[in-house]
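Please read the structure below before turning to the comments.
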Amino acid sequence: EITLTGQILPVGGLKEKLLAALREGVRTVVLPRSVAPEVEELQGELKKGLDIVYVENFIDVLAPAFGGSQEQEGTD
14 EITLTGQILP
24 VGGLKEKLLA
34 ALREGVRTVV
44 LPRSVAPEVE
54 ELQGELKKGL
64 DIVYVENFID
74 VLAPAFGGSQ
84 EQEGTD
């Protein structure tokens, strides 16, 4: 969820969303920075094959969404 000021809010059902992304062949996932500790707690197999990009505001989303470089956590 994105606020009117562009802040990226935490998401629920993170495990299920990541599983769906893997199942659909998604390779890069953009997540709120605030969920990073929750992602770290997930099993390695779930994160395997995903490049996770953590963002704090809408501007941070633009680079990974349109092919630019952004701070990423490679989990391969």
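Start counting at 1 in the sequence shown, then tack on 13, and there's your number in the numbering used here.
Each residue gets a CB set at the ideal place from its N, CA and C atoms; glycine is no exception.
In this text the structure is predicted, and so the values were computed from the model without any measurement.
If you follow the alpha helix (DSSP H) that residue 74 is part of, which residue opens it and which one closes it?
Locating residue 74 in the sequence shown gives position 61, where the first residue counts as 1. Its alpha helix (DSSP H) spans residues 71-78.
Answer with buried or exposed for residue 60, where buried requires no fewer than 16 other C-beta atoms within 10 angstroms of its C-beta.
The sequence position of residue 60 within the sequence shown is 47, counting from 1. Residue 60 should be labelled buried.
Going by the DSSP bridge assignment, what does residue 20 pair with across the sheet?
Locating residue 20 in the sequence shown gives position 7, counting from the first residue. Note: residue 20 sits in a beta bridge opposite 70.
Might you give, ordered along the chain, the residues of its own chain that have their beta carbon closer than 7 Å to the beta carbon of residue 77, omitting 5 neighbours on each side?
The count along the sequence shown starts at 1 and reaches residue 77 at position 64. Taken in chain order, the residues that qualify are 41, 43, 66 and 83.
Tell me whether residue 39 sits in a helix, a strand or coil according to DSSP, three-state version.
Counting from one through the sequence shown, the residue named residue 39 turns up at place 26. Here residue 39 sits in coil by DSSP.
Assuming contact is defined by CB atoms lying nearer than 9 Å, are residue 62 and residue 35 in contact in what I supplied?
What you label residue 62 is simply residue 49 of the sequence shown in a count that begins at 1. What you label residue 35 is simply residue 22 of the sequence shown in a count that begins at 1. In contact: residue 62 and residue 35 (Cβ atoms closer than 9 Å).
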